[in-house]
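Novice:
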Amino acid sequence: MKMQNKELPGSDLRDSYFDAARKLLNDPANILANIMASMGDGLSIQDRNMRIIFQNQFMIDNFGSHVGDYCYNIYEKRSSACDGCPIIESFRTGLVTKALRTGITKDGLPFRFENIASVLRDEGGEIVAGIELCRIVEEREKAFDALREAMDSLKTTQGQLVRAEKLAGIGQLAAGVAHEINNPAAFILSNLSTIQKYVSEFFNYVESMEKLTANAAKEKLSAQKIQDDILRIINSDDYNYLKNDLPDVIEESLSGLHRIKNIVSSLLSFATSSDSQRCMVNINEEIESALLLIDKEICNKRGRVSKNLGCLPGIFGNPQQLRQMFVNLILNANQAIEPDGIITLSTNVINNNISIEISDTGVGIPESALQNIFNPFFTTQDVGKGVGLGLSIAYRIIESHKGNIDVQSGLGKGTTFTIRLPITPTDNPIE
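So the sequence shown is numbered by this note's numbering: it starts at 488 and just counts up by one.
#1: When we look at the beta-carbon of P671 and count the other beta-carbons within 10 Å, is it buried (16 or more) or exposed?
#2: Does the Cβ of N678 have 16 or more other Cβ atoms within 10 Å, making it buried, or fewer, making it exposed?
#3: With distances taken between CB atoms, is the gap from S605 to V583 smaller than 9 Å?
#4: Determine which residues share a DSSP beta bridge with T905 and list them.
#5: I'd like to know whether the C-beta atoms of F578 and T589 end up nearer to each other than 9 Å.
#6: Looking only at its own chain, which residues have a Cβ that is under 8 Å from the Cβ of N521, when we skip the five neighbours before and after it?
#7: Looking at the strands, I want to know which residues DSSP matches up with G612.
#8: Whole angstroms is fine: what's the gap from M537's alpha carbon to R622's?
#9: Within a Cβ cutoff of 6 Å, which residues of the same chain sit near P573, ignoring the five residues on either side of it in sequence?
#10: Ignoring anything shorter than 4 residues, give me the alpha helix (DSSP H) runs that lie fully in the segment 511-587, in order along the chain.
#11: Going straight from the alpha carbon of F689 to that of H745, what length do you get?
#12: Below 8 Å, can you find three or more Cβ-Cβ pairs linking the segment 799-815 to the segment 882-893?
#13: Buried or exposed: which applies to T848, given that a residue is buried once 16 or more other Cβ atoms fall within 10 Å of its Cβ?
#14: Could you check where the alpha helix (DSSP H) with V814 kicks off and where it finishes?
#15: Report back the beta-carbon spacing between L799 and I841 to the nearest angstrom; my notes put them in contact at under 8 Å.
#16: Let me check understanding here. Comparing Cα to Cα, which of T902, Y504 and S525 lies closest to A856?
#17: DSSP state of K794, grouped into three classes?
#18: With 16 as the cutoff for other CB atoms within 10 Å, does Y562 come out buried or exposed?
#19: Look at the alpha carbon of I785 and the alpha carbon of I774, and state the distance between them as a whole number of angstroms.
#20: Using only the alpha-carbon positions, how far apart do K698 and S709 sit?
#21: Grouping DSSP H, G and I as helix and E and B as strand, with all else coil, what is T911?
#22: At the level of alpha carbons, what is the spacing between I720 and N702?
#23: Count the other C-beta atoms from every protein chain shown that fall within 10 angstroms of the C-beta of Q533, then say buried if there are 16 or more, exposed otherwise.
#24: Mind reading off the beta-carbon distance from I830 to G790? Whole number of angstroms is fine, and I expect it under 8 Å.
#25: Can you give the beta carbon distance from I900 to G851, rounded, assuming they're within the 8 Å contact cut?
#26: R829 by DSSP, collapsed to three states: which one?
#27: Is the separation between the beta-carbon of F813 and that of I845 shorter than 9 Å?
#28: In the DSSP assignment, the alpha helix (DSSP H) including K712 goes from what residue to what residue?
#29: Can you give the Cα-Cα distance for N771 and S833, rounded to whole angstroms?
#30: At what residues does the alpha helix (DSSP H) containing N859 begin and finish?
#31: Determine the extent of the beta strand (DSSP E) in which V768 is found, giving its start and end residues.
#32: Is G877 helix, strand or coil when you go by DSSP?
#33: Determine the direct distance from the alpha carbon of Y557 to that of I614, and round the result to whole angstroms.
#34: For R893, collect the residues of the same chain with a Cβ closer than 7 Å to its Cβ; drop the 5 residues on either side in sequence, then sort them by chain order.
#35: Measuring CB to CB, does L530 end up less than 9 Å from L620?
#36: What residue from Q542, G617 and Q645 has the CA that sits closest to N862's CA?
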(Lines of atoms letter the chains of each structure in order from A and count residues from 1; the text may use other names and numbers.)
(Lines give C-alpha, C1' and ligand atoms only; values in the text may rest on other atoms or scores of the structure.)
Protein backbone atom coordinates (compact mmCIF):
# COMPACT_ATOMS: atom_id res chain seq x y z
CA MET A 1 0.00 0.00 0.00
CA LYS A 2 1.53 3.33 -1.08
CA MET A 3 1.59 6.35 1.21
CA GLN A 4 0.19 9.52 -0.36
CA ASN A 5 2.17 12.72 0.20
CA LYS A 6 0.29 15.87 1.06
CA GLU A 7 0.40 18.47 -1.67
CA LEU A 8 2.94 21.20 -1.04
CA PRO A 9 2.07 24.81 -1.90
CA GLY A 10 3.17 25.95 -5.30
CA SER A 11 6.45 27.81 -5.72
CA ASP A 12 4.79 31.26 -5.90
CA LEU A 13 2.78 30.62 -2.74
CA ARG A 14 5.87 29.38 -0.86
CA ASP A 15 7.73 32.54 -1.82
CA SER A 16 4.88 34.73 -0.58
CA TYR A 17 4.99 32.97 2.81
CA PHE A 18 8.71 33.59 2.99
CA ASP A 19 8.40 37.27 2.08
CA ALA A 20 5.61 37.83 4.59
CA ALA A 21 7.71 36.29 7.37
CA ARG A 22 10.75 38.38 6.46
CA LYS A 23 8.69 41.59 6.75
CA LEU A 24 8.46 40.89 10.49
CA LEU A 25 12.18 41.72 10.70
CA ASN A 26 11.42 45.27 9.59
CA ASP A 27 9.70 45.85 12.95
CA PRO A 28 12.10 44.57 15.66
CA ALA A 29 9.87 45.81 18.47
CA ASN A 30 6.94 43.82 17.16
CA ILE A 31 8.92 40.59 16.65
CA LEU A 32 10.50 40.97 20.13
CA ALA A 33 7.05 41.43 21.67
CA ASN A 34 5.78 38.34 19.81
CA ILE A 35 8.78 36.26 20.98
CA MET A 36 8.38 37.27 24.63
CA ALA A 37 4.62 36.72 24.53
CA SER A 38 4.84 33.25 22.96
CA MET A 39 7.81 31.83 24.86
CA GLY A 40 7.08 28.99 27.27
CA ASP A 41 9.18 30.51 30.08
CA GLY A 42 8.55 33.45 32.32
CA LEU A 43 10.39 36.69 31.63
CA SER A 44 10.41 39.87 33.66
CA ILE A 45 12.51 43.03 33.76
CA GLN A 46 13.34 44.94 36.96
CA ASP A 47 15.05 48.25 37.53
CA ARG A 48 18.04 48.64 39.83
CA ASN A 49 15.66 48.80 42.82
CA MET A 50 14.09 45.47 41.84
CA ARG A 51 10.87 47.17 40.70
CA ILE A 52 9.05 45.33 37.90
CA ILE A 53 8.87 47.26 34.63
CA PHE A 54 7.85 44.39 32.33
CA GLN A 55 6.29 40.91 32.50
CA ASN A 56 5.61 38.60 29.58
CA GLN A 57 2.33 36.72 29.27
CA PHE A 58 3.68 33.63 31.07
CA MET A 59 4.47 35.69 34.19
CA ILE A 60 1.10 37.44 34.07
CA ASP A 61 -0.75 34.12 33.73
CA ASN A 62 1.10 32.52 36.66
CA PHE A 63 1.65 35.47 39.00
CA GLY A 64 -0.70 38.20 37.80
CA SER A 65 0.13 41.58 36.33
CA HIS A 66 2.40 43.51 38.72
CA VAL A 67 4.21 46.22 36.76
CA GLY A 68 5.35 48.85 39.24
CA ASP A 69 5.56 46.42 42.18
CA TYR A 70 8.74 45.06 43.75
CA CYS A 71 9.63 41.56 42.52
CA TYR A 72 10.61 40.14 45.91
CA ASN A 73 7.24 41.22 47.33
CA ILE A 74 5.22 39.72 44.48
CA TYR A 75 7.19 36.62 43.51
CA GLU A 76 8.39 35.51 46.96
CA LYS A 77 6.15 37.38 49.44
CA ARG A 78 9.08 39.15 51.12
CA SER A 79 9.54 42.71 52.33
CA SER A 80 13.16 42.96 51.15
CA ALA A 81 15.41 41.57 48.44
CA CYS A 82 16.11 37.84 48.67
CA ASP A 83 19.45 36.52 49.86
CA GLY A 84 21.38 35.16 46.89
CA CYS A 85 19.10 36.87 44.37
CA PRO A 86 20.57 36.11 40.89
CA ILE A 87 19.66 39.49 39.40
CA ILE A 88 21.36 41.38 42.27
CA GLU A 89 24.45 39.23 41.67
CA SER A 90 24.28 40.15 37.98
CA PHE A 91 24.01 43.84 38.93
CA ARG A 92 27.18 43.36 41.00
CA THR A 93 29.24 41.48 38.42
CA GLY A 94 27.65 42.40 35.11
CA LEU A 95 27.61 38.67 34.26
CA VAL A 96 24.90 36.10 33.65
CA THR A 97 23.86 34.40 36.91
CA LYS A 98 22.02 31.09 37.22
CA ALA A 99 20.30 29.59 40.24
CA LEU A 100 17.76 26.94 41.20
CA ARG A 101 15.17 28.59 43.44
CA THR A 102 11.80 28.06 45.07
CA GLY A 103 8.87 30.42 44.49
CA ILE A 104 5.15 30.73 45.19
CA THR A 105 2.46 30.95 42.50
CA LYS A 106 -0.46 33.40 42.64
CA ASP A 107 -2.47 30.48 44.05
CA GLY A 108 -0.03 30.16 46.96
CA LEU A 109 1.59 26.94 45.72
CA PRO A 110 5.36 26.44 46.07
CA PHE A 111 7.34 25.48 42.99
CA ARG A 112 10.95 25.17 41.91
CA PHE A 113 12.27 27.17 39.03
CA GLU A 114 15.52 27.78 37.20
CA ASN A 115 16.42 31.45 37.33
CA ILE A 116 18.74 32.97 34.70
CA ALA A 117 19.53 36.66 35.22
CA SER A 118 21.47 39.18 33.12
CA VAL A 119 21.77 42.96 32.92
CA LEU A 120 20.46 45.60 30.51
CA ARG A 121 22.66 48.63 29.77
CA ASP A 122 21.89 52.09 28.37
CA GLU A 123 23.68 53.69 25.45
CA GLY A 124 26.49 54.77 27.76
CA GLY A 125 27.06 51.21 28.98
CA GLU A 126 25.57 51.81 32.44
CA ILE A 127 23.51 49.02 33.98
CA VAL A 128 19.97 50.34 34.28
CA ALA A 129 17.87 47.18 34.63
CA GLY A 130 18.00 43.43 34.86
CA ILE A 131 16.18 40.72 32.98
CA GLU A 132 15.19 37.42 34.55
CA LEU A 133 14.19 34.22 32.81
CA CYS A 134 12.02 31.94 34.96
CA ARG A 135 11.82 28.34 33.79
CA ILE A 136 9.58 26.17 35.98
CA VAL A 137 11.36 22.86 36.55
CA GLU A 138 9.21 21.33 39.30
CA GLU A 139 8.50 18.15 37.33
CA ARG A 140 12.15 17.83 36.36
CA GLU A 141 13.27 18.30 39.96
CA LYS A 142 10.69 15.79 41.16
CA ALA A 143 12.19 13.32 38.70
CA PHE A 144 15.68 14.18 40.02
CA ASP A 145 14.43 13.73 43.59
CA ALA A 146 13.06 10.31 42.68
CA LEU A 147 16.33 9.46 40.93
CA ARG A 148 18.41 10.57 43.93
CA GLU A 149 16.15 8.55 46.23
CA ALA A 150 16.52 5.53 43.95
CA MET A 151 20.31 5.98 43.88
CA ASP A 152 20.43 6.21 47.68
CA SER A 153 18.27 3.11 47.93
CA LEU A 154 20.47 1.32 45.41
CA LYS A 155 23.60 2.31 47.35
CA THR A 156 22.02 1.01 50.56
CA THR A 157 21.00 -2.21 48.86
CA GLN A 158 24.45 -2.62 47.36
CA GLY A 159 26.01 -2.15 50.80
CA GLN A 160 23.64 -4.75 52.23
CA LEU A 161 24.50 -7.18 49.44
CA VAL A 162 28.22 -6.64 49.96
CA ARG A 163 27.80 -7.31 53.67
CA ALA A 164 25.63 -10.33 52.88
CA GLU A 165 28.30 -11.69 50.53
CA LYS A 166 30.94 -11.13 53.18
CA LEU A 167 28.84 -12.88 55.80
CA ALA A 168 28.20 -15.71 53.34
CA GLY A 169 31.95 -15.94 52.85
CA ILE A 170 32.46 -16.11 56.61
CA GLY A 171 29.79 -18.81 56.80
CA GLN A 172 31.56 -20.73 54.06
CA LEU A 173 34.82 -20.47 55.98
CA ALA A 174 33.30 -21.26 59.37
CA ALA A 175 33.40 -25.07 58.97
CA GLY A 176 37.00 -24.96 57.80
CA VAL A 177 38.02 -22.60 60.58
CA ALA A 178 36.26 -24.79 63.16
CA HIS A 179 38.20 -27.77 61.80
CA GLU A 180 41.45 -25.83 61.92
CA ILE A 181 40.80 -24.86 65.54
CA ASN A 182 39.57 -28.32 66.50
CA ASN A 183 42.74 -30.09 65.31
CA PRO A 184 45.25 -28.16 67.46
CA ALA A 185 42.73 -28.02 70.32
CA ALA A 186 42.46 -31.83 70.24
CA PHE A 187 46.20 -32.46 70.40
CA ILE A 188 46.65 -29.70 73.02
CA LEU A 189 44.05 -31.47 75.16
CA SER A 190 45.86 -34.77 74.63
CA ASN A 191 49.22 -33.16 75.39
CA LEU A 192 47.91 -31.59 78.58
CA SER A 193 46.78 -35.03 79.70
CA THR A 194 50.27 -36.34 78.92
CA ILE A 195 51.90 -33.41 80.72
CA GLN A 196 49.70 -34.08 83.75
CA LYS A 197 50.90 -37.71 83.77
CA TYR A 198 54.54 -36.65 83.29
CA VAL A 199 54.35 -34.14 86.15
CA SER A 200 52.88 -36.83 88.40
CA GLU A 201 55.78 -39.13 87.47
CA PHE A 202 58.31 -36.38 88.19
CA PHE A 203 56.73 -35.82 91.59
CA ASN A 204 57.16 -39.52 92.26
CA TYR A 205 60.87 -39.27 91.40
CA VAL A 206 61.25 -36.20 93.62
CA GLU A 207 59.47 -38.02 96.44
CA SER A 208 61.80 -41.01 96.01
CA MET A 209 64.83 -38.72 96.23
CA GLU A 210 63.41 -37.02 99.33
CA LYS A 211 62.93 -40.42 101.00
CA LEU A 212 66.43 -41.44 99.97
CA THR A 213 68.05 -38.39 101.54
CA ALA A 214 65.91 -38.73 104.70
CA ASN A 215 66.85 -42.41 105.15
CA ALA A 216 70.49 -41.66 104.41
CA ALA A 217 70.77 -39.57 107.61
CA LYS A 218 69.10 -42.26 109.72
CA GLU A 219 71.12 -45.13 108.28
CA LYS A 220 74.30 -43.08 108.12
CA LEU A 221 74.85 -43.92 104.44
CA SER A 222 77.97 -42.68 102.78
CA ALA A 223 77.90 -39.85 100.27
CA GLN A 224 78.94 -42.26 97.56
CA LYS A 225 76.02 -44.55 98.36
CA ILE A 226 73.56 -41.62 98.19
CA GLN A 227 75.04 -40.46 94.89
CA ASP A 228 74.82 -43.95 93.38
CA ASP A 229 71.15 -44.26 94.37
CA ILE A 230 70.31 -40.85 92.89
CA LEU A 231 72.22 -41.62 89.69
CA ARG A 232 70.34 -44.89 89.37
CA ILE A 233 67.08 -42.91 89.36
CA ILE A 234 68.10 -40.15 86.96
CA ASN A 235 69.83 -42.54 84.58
CA SER A 236 66.82 -44.80 84.28
CA ASP A 237 65.17 -45.09 80.88
CA ASP A 238 61.78 -43.92 82.18
CA TYR A 239 63.22 -40.82 83.79
CA ASN A 240 65.20 -39.85 80.67
CA TYR A 241 62.18 -40.44 78.43
CA LEU A 242 60.14 -38.06 80.56
CA LYS A 243 62.93 -35.48 80.67
CA ASN A 244 63.40 -35.51 76.87
CA ASP A 245 59.75 -35.74 75.83
CA LEU A 246 58.23 -33.14 78.15
CA PRO A 247 59.80 -30.05 76.43
CA ASP A 248 58.63 -31.36 73.04
CA VAL A 249 55.09 -31.85 74.31
CA ILE A 250 55.04 -28.34 75.80
CA GLU A 251 56.49 -26.81 72.60
CA GLU A 252 53.92 -28.65 70.48
CA SER A 253 51.09 -27.39 72.70
CA LEU A 254 52.36 -23.80 72.55
CA SER A 255 52.58 -24.04 68.76
CA GLY A 256 48.97 -25.25 68.63
CA LEU A 257 47.83 -22.40 70.84
CA HIS A 258 49.61 -19.86 68.65
CA ARG A 259 47.91 -21.37 65.59
CA ILE A 260 44.50 -21.07 67.24
CA LYS A 261 45.30 -17.48 68.21
CA ASN A 262 46.31 -16.62 64.62
CA ILE A 263 43.22 -18.25 63.14
CA VAL A 264 40.88 -16.43 65.53
CA SER A 265 42.71 -13.13 64.97
CA SER A 266 42.49 -13.51 61.18
CA LEU A 267 38.81 -14.42 61.32
CA LEU A 268 38.02 -11.46 63.58
CA SER A 269 39.92 -9.11 61.26
CA PHE A 270 38.07 -10.52 58.27
CA ALA A 271 34.70 -10.10 60.01
CA THR A 272 35.22 -6.55 61.27
CA SER A 273 34.11 -3.48 59.33
CA SER A 274 36.38 -2.50 56.45
CA ASP A 275 36.04 1.21 57.30
CA SER A 276 39.08 1.20 59.59
CA GLN A 277 41.85 3.68 58.98
CA ARG A 278 44.63 2.82 56.58
CA CYS A 279 48.13 2.02 57.75
CA MET A 280 51.35 0.47 56.47
CA VAL A 281 50.56 -3.05 55.27
CA ASN A 282 52.79 -6.04 54.59
CA ILE A 283 51.23 -7.71 51.54
CA ASN A 284 52.95 -11.05 52.15
CA GLU A 285 51.58 -11.19 55.69
CA GLU A 286 48.05 -10.49 54.44
CA ILE A 287 48.38 -13.31 51.89
CA GLU A 288 49.56 -15.69 54.62
CA SER A 289 46.67 -14.60 56.84
CA ALA A 290 44.19 -15.19 53.99
CA LEU A 291 45.65 -18.65 53.41
CA LEU A 292 45.31 -19.45 57.10
CA LEU A 293 41.59 -18.68 56.87
CA ILE A 294 40.89 -20.83 53.81
CA ASP A 295 43.37 -23.65 54.35
CA LYS A 296 40.56 -26.11 55.03
CA GLU A 297 38.76 -25.12 51.81
CA ILE A 298 41.90 -25.87 49.81
CA CYS A 299 42.49 -29.15 51.66
CA ASN A 300 38.93 -30.24 50.89
CA LYS A 301 39.81 -29.93 47.20
CA ARG A 302 43.08 -31.76 47.87
CA GLY A 303 44.65 -28.71 46.30
CA ARG A 304 48.17 -27.50 46.83
CA VAL A 305 49.45 -23.96 47.28
CA SER A 306 52.83 -23.00 45.84
CA LYS A 307 54.26 -19.72 47.16
CA ASN A 308 56.96 -17.51 45.69
CA LEU A 309 56.74 -14.41 47.87
CA GLY A 310 59.45 -11.82 47.26
CA CYS A 311 60.85 -9.18 49.62
CA LEU A 312 58.35 -6.32 49.39
CA PRO A 313 58.09 -2.77 50.69
CA GLY A 314 55.07 -1.91 52.81
CA ILE A 315 52.21 -0.03 51.20
CA PHE A 316 49.65 2.33 52.68
CA GLY A 317 46.32 0.53 52.70
CA ASN A 318 43.46 -1.07 54.57
CA PRO A 319 44.62 -4.47 55.86
CA GLN A 320 41.10 -5.87 56.33
CA GLN A 321 40.07 -4.97 52.79
CA LEU A 322 43.27 -6.34 51.26
CA ARG A 323 42.92 -9.58 53.21
CA GLN A 324 39.33 -9.90 52.03
CA MET A 325 40.47 -9.31 48.44
CA PHE A 326 43.04 -12.13 48.71
CA VAL A 327 40.49 -14.46 50.32
CA ASN A 328 38.03 -13.80 47.47
CA LEU A 329 40.60 -14.33 44.70
CA ILE A 330 42.17 -17.45 46.25
CA LEU A 331 38.74 -18.96 46.91
CA ASN A 332 37.86 -18.24 43.28
CA ALA A 333 41.01 -20.08 42.19
CA ASN A 334 40.23 -22.95 44.55
CA GLN A 335 36.74 -23.32 43.09
CA ALA A 336 38.24 -23.56 39.59
CA ILE A 337 40.80 -26.31 40.22
CA GLU A 338 40.22 -30.02 40.04
CA PRO A 339 41.33 -32.33 42.89
CA ASP A 340 45.13 -32.20 43.25
CA GLY A 341 45.19 -28.86 41.42
CA ILE A 342 47.76 -26.17 42.18
CA ILE A 343 47.29 -22.54 43.19
CA THR A 344 50.44 -20.46 42.74
CA LEU A 345 50.95 -17.18 44.61
CA SER A 346 53.79 -14.88 43.57
CA THR A 347 54.77 -11.38 44.66
CA ASN A 348 57.48 -8.99 43.51
CA VAL A 349 58.15 -5.34 42.71
CA ILE A 350 57.73 -4.05 39.14
CA ASN A 351 58.05 -0.37 38.15
CA ASN A 352 57.24 1.07 41.59
CA ASN A 353 54.28 -1.27 41.95
CA ILE A 354 53.78 -4.40 44.01
CA SER A 355 52.77 -7.15 41.61
CA ILE A 356 50.74 -10.09 42.94
CA GLU A 357 49.96 -13.07 40.72
CA ILE A 358 47.33 -15.62 41.70
CA SER A 359 47.37 -18.53 39.25
CA ASP A 360 45.46 -21.77 39.15
CA THR A 361 45.53 -24.94 37.07
CA GLY A 362 41.75 -24.90 36.82
CA VAL A 363 39.26 -25.21 34.01
CA GLY A 364 39.75 -21.64 32.79
CA ILE A 365 37.22 -18.93 31.92
CA PRO A 366 35.45 -18.78 28.53
CA GLU A 367 36.58 -15.79 26.46
CA SER A 368 32.98 -14.60 26.19
CA ALA A 369 32.79 -14.32 29.99
CA LEU A 370 36.13 -12.58 30.66
CA GLN A 371 34.75 -9.07 30.11
CA ASN A 372 31.97 -9.65 32.66
CA ILE A 373 33.70 -11.46 35.53
CA PHE A 374 34.09 -8.30 37.63
CA ASN A 375 30.47 -7.23 37.14
CA PRO A 376 28.27 -7.55 40.24
CA PHE A 377 26.10 -10.71 40.24
CA PHE A 378 27.89 -12.27 37.26
CA THR A 379 28.89 -15.86 37.97
CA THR A 380 29.77 -18.95 35.95
CA GLN A 381 28.93 -21.22 38.89
CA ASP A 382 25.80 -23.29 39.25
CA VAL A 383 22.75 -21.72 40.90
CA GLY A 384 23.08 -21.73 44.67
CA LYS A 385 26.89 -21.76 44.71
CA GLY A 386 27.39 -18.00 44.73
CA VAL A 387 25.76 -14.70 43.87
CA GLY A 388 28.67 -13.33 41.84
CA LEU A 389 29.97 -10.62 44.17
CA GLY A 390 33.36 -12.07 45.19
CA LEU A 391 35.36 -10.81 42.20
CA SER A 392 33.34 -7.57 42.09
CA ILE A 393 34.26 -6.82 45.72
CA ALA A 394 37.91 -7.67 45.01
CA TYR A 395 37.90 -5.31 42.02
CA ARG A 396 36.39 -2.51 44.10
CA ILE A 397 39.00 -2.98 46.85
CA ILE A 398 41.87 -2.90 44.34
CA GLU A 399 40.40 0.19 42.69
CA SER A 400 40.07 1.95 46.09
CA HIS A 401 43.81 1.34 46.61
CA LYS A 402 44.57 3.00 43.22
CA GLY A 403 45.62 -0.35 41.80
CA ASN A 404 44.54 -2.42 38.82
CA ILE A 405 43.86 -6.06 38.06
CA ASP A 406 44.32 -8.05 34.86
CA VAL A 407 43.18 -11.56 34.04
CA GLN A 408 44.57 -14.08 31.55
CA SER A 409 42.75 -17.36 31.04
CA GLY A 410 42.35 -20.23 28.63
CA LEU A 411 39.92 -23.12 28.69
CA GLY A 412 41.65 -26.11 30.21
CA LYS A 413 44.80 -24.06 30.82
CA GLY A 414 43.93 -22.26 34.05
CA THR A 415 43.68 -18.60 35.01
CA THR A 416 46.08 -15.95 36.25
CA PHE A 417 44.97 -12.79 38.04
CA THR A 418 47.66 -10.09 38.21
CA ILE A 419 47.15 -7.30 40.74
CA ARG A 420 49.33 -4.20 40.83
CA LEU A 421 49.27 -1.90 43.84
CA PRO A 422 51.25 1.38 43.83
CA ILE A 423 54.13 1.95 46.24
CA THR A 424 54.47 5.38 47.79
CA PRO A 425 57.98 6.96 47.65
CA THR A 426 58.30 6.97 51.49
CA ASP A 427 57.62 3.24 51.90
CA ASN A 428 60.33 1.17 53.55
CA PRO A 429 61.00 -2.54 52.93
CA ILE A 430 59.33 -4.91 55.37
CA GLU A 431 61.42 -8.00 56.01
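Glycine included, every Cβ here is placed at the ideal spot set by N, Cα and C.
If you're wondering where the values come from, they're calculated on a predicted model, not measured in any experiment.
Specialist: According to the structure shown:
#1: buried
#2: buried
#3: yes
#4: E844 and D893
#5: no
#6: L511
#7: According to DSSP, G612 bridges with nothing at all.
#8: 19 Å
#9: T584, A586, N602 and A604
#10: 515-525, 544-550, 558-562 and 573-580
#11: 27 Å
#12: yes
#13: buried
#14: P806 to A823
#15: 6 Å
#16: T902
#17: strand
#18: buried
#19: 14 Å
#20: 15 Å
#21: coil
#22: 16 Å
#23: buried
#24: 6 Å
#25: Strictly speaking, residue 900 in this sequence is Lys, with Ile absent from that position. The pair is a contact, with the Cβ atoms about 5 Å apart (cut-off 8 Å).
#26: The residue you asked about is not Arg; residue 829 is Ile in the sequence shown. Of the three classes helix, strand and coil, the one that applies to I829 here is strand, per DSSP.
#27: yes
#28: A710 to I721
#29: 9 Å
#30: Segment: none, N859 is in no alpha helix (DSSP H) and carries neither H nor E.
#31: C766 to V768
#32: helix
#33: 18 Å
#34: Just to set this straight, residue 893 is Asp in the shown sequence, not Arg. Within the same chain, D893 has close Cβ partners T905.
#35: yes
#36: Q645
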